[in-house]
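Here's the structure we're looking at; comments come further down.
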Amino acid sequence: MRSTGADGFTERPELARQNGTHAVASADPLSLLNAPQSRRRSIVTALSSMSAMEVIMQSIKRRSALILSTLCLSAVSFAQPRGDAGKMEYEAHCAICHGTSGAGNGEMRRYLTKAPSDLTTIAKRNGGAFPNQLVWELIDGRSATEIGPHGAREMPVWGQRYRMEALMQASTAAEPEWYVRNRIVALLDYLARMQAK
């Protein structure tokens, strides 16, 4: 019969009878550091009565169980469906003008002086290839390139807005351009996937 002491070590009475001490079976050599002074002698006695292989095997079993439980938790978290960041970004900021389908028919269309472009035909208008760099610059809006026939920009400067958001959050304030980049890359990915075939 085994019992666990207040310090979390498992006592083995059969070893205690052999050695005349309170032998501890689950003692890991590293656990000696955490054991109360009064228990260290019995732990050392238990360890000395165990073969080196037994001590190593116990240590491996404990660590293996810890690693296995960590892997199981990781597998569960990877199995959880993650949202489409590009789609969420589009729906939150772009669909109001460009429409949920990207055809340029959003709710704000009637209030704009220039109708939003049809985002589903970007590749078609560029020889069948999606122009990542050009679309990046249009979304970011912080480049020196003037957009539009008269230099006016109808679309918000998302690069500046994303940067301001990043600077206001403690987790992204140190590297705001990474935050901007990730938001734009997610949006580019979604726009490339919505192209008309």
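Residues in the sequence shown are numbered consecutively from 1, following the working numbering.
All C-beta atoms, glycine included, are put in the ideal place defined by N, C-alpha and C.
Q. Taking Cβ positions, are residue 106 and residue 98 nearer each other than 8 Å?
A. yes
Q) Going straight from the alpha carbon of residue 121 to that of residue 161, what length do you get? A) 26 Å
Q: Identify which residue in 61, 60, 101 and 140 has its Cα closest to the Cα of residue 180.
A: 140
Q.
Nearest by alpha-carbon distance to residue 103: which of 89, 118 and 94 is it?
A. 118
Q: Using the Cα positions of residue 22 and residue 67, report the straight-line distance between them to the nearest angstrom.
A: Note that residue 22 has pLDDT 44, beneath the 50 cutoff, so the model's placement of it is unreliable and the number below is only indicative. Approximately 30 Å between the Cα atoms of the pair.
Q | residue 191 vs residue 135 beta-carbon contact at 8 Å | A | yes
Q. Is residue 189 helix, strand or coil when you go by DSSP?
A. helix
Q. Leaving out five residues before and five after residue 185 in sequence, what residues of the same chain have Cβ atoms less than 7 Å from its Cβ?
A. none
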